[in-house]
Amino acid sequence: MLKQNVYTKVLSSLSKQDRKFVLAMAQSPKHCVSIKEIHERLNRPSNFVANYRRRLLDDQVIKSTNYGEVAFTLPFFKEYVLRQYRFEQGLE
Numbered sequence: 006m007l008k009q010n011v012y013t014k015v016l017s018s019l020s021k022q023d024r025k026f027v028l029a030m031a032q033s034p035k036h037c038v039s040i041k042e043i044h045e046r047l048n049r050p051s052n053f054v055a056n057y058r059r060r061l062l063d064d065q066v067i068k069s070t071n072y073g074e075v076a077f078t079l080p081f082f083k084e085y086v087l088r089q090y091r092f093e094q095g096l097e
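If you're matching positions, the sequence shown starts at 6 in the numbering used here and goes up one per residue.
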């Protein structure tokens with residue numbers, strides 16, 4: 006329950022574009038997601054992706070794992086993001 010409350014707070018505090026970025030990350034089958042893959046999923050300019058990457062790094066929602074790759078800092082946050090997305094789309 007505590008985990009759910011924390012994850013709800015983190016996700017709800019994100020801007021609409023931040024949420025799009027984390028959803029693009031969560032939709033990847035990989036744990037460490039390349040910025041290139043996020044860029045392709047969002048279909049936005051590189052500077053847009055870099056800006057939101059920086060915001061999420063600063064807020065410690067994501068972490069840099071390797072050059073050009075990021076991952077979620079919270080365990081199971083990826084699954085939570087996907088579950089929330091399905092719920093909001095009426096799929097759950």
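No residue lacks a Cβ here, since even glycine has one placed at the ideal position from N, Cα and C.
- prompt: When the Cα of residue 56 is compared with those of 26, 13 and 92, which residue comes out closest?
  reply: 26
- prompt: Who does residue 67 pair with in a DSSP beta bridge?
  reply: According to DSSP, residue 67 shares a beta bridge with 77.
- prompt: residue 89: buried (16+ other C-beta within 10 angstroms of its C-beta) or exposed?
  reply: buried
field: Limits of the alpha helix (DSSP H) - the one that residue 91 falls within
entry: Residue 91 -> alpha helix (DSSP H) spans 82 to 93.
query: Hey, residue 79 and residue 15: beta-carbon distance below 9 Å or not?
result: yes
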